[in-house]
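My numbering puts the first residue of the sequence shown at 41, with every later residue one more than the last. Data block below; observations after.
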Amino acid sequence: IIVNDTTPSGGSGLPDVIITDIQWEPANPVAGDQVTFKAVVKNQGTAPTPAGTIVGVGFQVDGGSTIVWSDYYTQSIAPGESVVLTANGGVNGSKWTATAGTHTISATVDDINRFPESNESNNSFSKQLTVNQPTGCDLVVTNISLSPANPSAGQQVSFAVTIKNQGNAAT
């Protein structure tokens with residue numbers, strides 16, 4: 041009997057999901073902003089992830105417990121393929137309320153071991169996020185108009201002013 045083994049050398053015939061990057065919106069949050077986390081998940085294994093099984097990601101801030109997660113992706117991820125998964129749930133909703141300071145954002149894929157992998161110890165990734173305090177509002181006049189546009193001597197004139205807040209905090 042001859043058996044042809046088509047598994048690549050050194051492979052186990054299993055998926056191996058890793059996180060290659062963490063992203064957030066807004067890109068430069070200030071304290072008080074509602075931040076959405078995203079993770080770039082890659083299957084570096086030799087088999088696809090099982091179709092119909094959730095490929096979940098849990099997000100942690102500063103080494104704490106999982107505060108938000110992604111738990112909606114059930115399509116198969118082929119070997120070598122990457123997908124971006126966005127947090128859609130959490131302890132207090134799907135967003136993190138930013139606090140000032142430098143934070144370590146961690147993401148763990150297959151965080152509750154829904155499917156077997158060739159390597160179960162490489163599922164976490166961390167990245168630094170600096171959140172600044174809002175500097176306040178900064179109001180500037182961007183336009184002044186009058187009505188009528190060409191008033192006569194003695195005629196009442198109304199002025200309209202356009203004001204823009206170019207700061208990073210609400211008025």
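Each residue gets a CB set at the ideal place from its N, CA and C atoms; glycine is no exception.
DSSP lists Thr76 as the beta-bridge partner residues of Glu65. Just so you know, the alpha carbons of Gly129 and Ser110 end up roughly 6 Å apart.
Scanning Gln168, Val80, Ser192 for the CA closest to the CA of Ile117 turns up Val80. Apart from sequence neighbours up to five positions away, the residues of its chain that approach Ser134 with a beta-carbon distance below 6 Å are Val108, Ala127, Asn128, ordered along the chain.
Looking at the DSSP output, Gln100 shares a beta bridge with Thr106, Ser146.
The stretch 174–194 makes no contact with the stretch 91–110, as fewer than three CB pairs between them are under 8 Å.
Within a 10 Å sphere around the beta-carbon of Pro55 sit 16 or more other beta-carbons, which makes this residue buried. Taking C-beta separations shorter than 6 Å and ignoring five residues to either side along the sequence, the partners of Val149 in its chain run Val57, Ile59, Val81, Val97, Asn163, following chain order.
The distance from the Cβ of Gln168 to that of Thr142 is about 6 Å, consistent with a contact at the 8 Å cut-off. Ranked by Cα distance from Thr76, the first of Gln63, Ala87, Thr144, Val70 is Gln63.
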